[in-house]
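This report concerns only the one structure given below.
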Amino acid sequence: MEDESKNTSSIIPLGSTGLVRVSNSISLTSKLIEENNKRQLEKVKFQGVLITENNVQGSVISTASYQFEEFIASTNNSCSIFKYDAKRNQLWGKNNYNGNFDCVVFGFVFDAIASGRNIYISKNGKITNTLEGHNRQIHTLLLSRDKKFLFSGSGDKSIRVWDTNTWECIKVLEGHDWLVNSLITDFDDRYLYSGGWDSFIIKWDLQTYSEVDRFYSGHIGGIKCIAISKNNQTIITGGGDQIVRLTDTKNYKIIVELKGHTDFVSCLAISEDNSLLASGGWDGSINIWHLDTRVLVKNLKAHSGHVNSISFSGEYLLSGGSDGFIKTWK
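Take a look at the structure:
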């Protein structure tokens, strides 16, 4: 009986001490993570201050970095493409077109304009080529990073690959069950990722033009926009469920869900140093997230209409909205 008593009394203190040690370890880990996050956030220079705003007479549908602290943008209603110097607050090099823009991608030597089912190639403000093939509206355009290929996604559920030297369609990629409205290549131009209303992301091999894999994005209500981190390790998507999701490109597991929008997440942009993620929404707001810590750094009440496009260049973020304004933030 004495032995049993000793054994019983010795078990309780040992178990208790073990729990305290585990608790202390968790507490220490949490503090270390918190301190590390604090140090990283202190390095963020972006303050989210509105620097300039310009009414460009038409819904802004596309923006991109043109040169350091310079942007290129396009409007739908007025059907124009123009350049914008954020530092000097100057619009220049404006070209006007007839018709309607659905989406635009900028090649700097040329621009590709999607209107309805066709793509129009423009050089120096003049249409030089018309690309036909899709049988429904084109919802997204993307240039490969080496500018050798143009990709188009359509309501006909297909992706077409165009050679930018000959402007011939060299491949049609089929696999989605609904319209395709978002495309991104990795930074090596090895893989293409596509998304759409079916809420699946398909990974395509750009050497064989074959489907490598597909995975469910987690979005309810479809995917609206897609981006990729500069180390090719994380796919970022926004969709109709108002959530931004980060997914591991190796195992396709969702890393984190970023919540903060109250309507469709319509566009994404990553800063040049890969530290910040900007998400724009139909709620008119732009959320700035720190990519490593996944902390919301700033919430910008940006536009009175939808935020259609956002782009980083240097210290600036340019946003374009359906309210007809382009705005620069710093």
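For the sequence shown, the residue numbers in my numbering are 436 to 765. Where a beta carbon is used, it is the ideal one built from N, C-alpha and C, also for glycine.
If you keep only unbroken beta strand (DSSP E) runs of at least 3 residues inside the stretch 608-634, you get 615-620 and 626-631. The beta carbons of I689 and T682 sit closer together than 8 Å. In the three-state DSSP reduction, W717 falls in the coil class, being neither helix nor strand. The continuous beta strand (DSSP E) containing L526 extends over residues Q525 to N531.
When the Cα atoms are used, G675 and I761 turn out to be separated by approximately 24 Å. Rounded to whole angstroms, the gap between the alpha carbons of G493 and H654 is 30 Å.
Assigned with DSSP and collapsed to three states, D581 falls in coil, not helix or strand. Contact between the stretch 611-621 and the stretch 567-587 is present: three or more C-beta pairs spanning the two stretches fall below 8 Å. Ranking T684, K765, I661 and N743 by CA distance to the CA of G759 puts N743 first.
C-alpha of I548 to C-alpha of G483: approximately 31 Å in a straight line. Counting C-beta atoms within 10 angstroms of its own C-beta, D640 has fewer than 16 neighbours from the protein chains shown and is therefore classed as exposed. As DSSP reads the structure, K638 sits in a beta bridge with Y628 and D648.
Annotation: the continuous beta strand (DSSP E) that includes R680 extends over I678 to D683. Excluding the 5 residues flanking it on each side, N489 has same chain C-beta neighbours closer than 7 Å at L526, F760 and I761, in chain order. Close CB contacts of C514 within its chain, under the 8 Å cut and outside five residues either way in sequence, are with G493, N531, Y532, N533, G534, N535 and F536 (chain order).
In the three-state reduction of the DSSP assignment, Q492 falls in the coil class. A549 is bridged by DSSP to C538 and I554.
With fewer than 16 neighbouring CB atoms inside 10 Å of its own CB, T563 falls in the exposed class. Here W724 carries a strand assignment [DSSP, helix/strand/coil]. Listed as beta-bridge partners of Q502 by DSSP are E505. Burial is judged here by how many other beta carbons sit within 10 angstroms of a residue's own beta carbon; D727 has fewer than 16 and is exposed. The DSSP-derived three-state label of W597 is strand. In this chain, the beta strand (DSSP E) harbouring C702 covers V700 to I705. Of E692, K522, I670 and K694, the smallest CA-CA separation from K685 is found for I670. In the DSSP secondary-structure assignment, S757 is not bridged to any residue. In the three-state reduction of the DSSP assignment, D520 falls in the strand class. D612 is positioned such that its CB atom lies no closer than 8 Å to that of K583. Nearest C-alpha to A713 among E707, W724, S720 and G719: W724. Under the DSSP assignment, K733 falls in the beta strand (DSSP E) whose first and last residues are V730 to K736.
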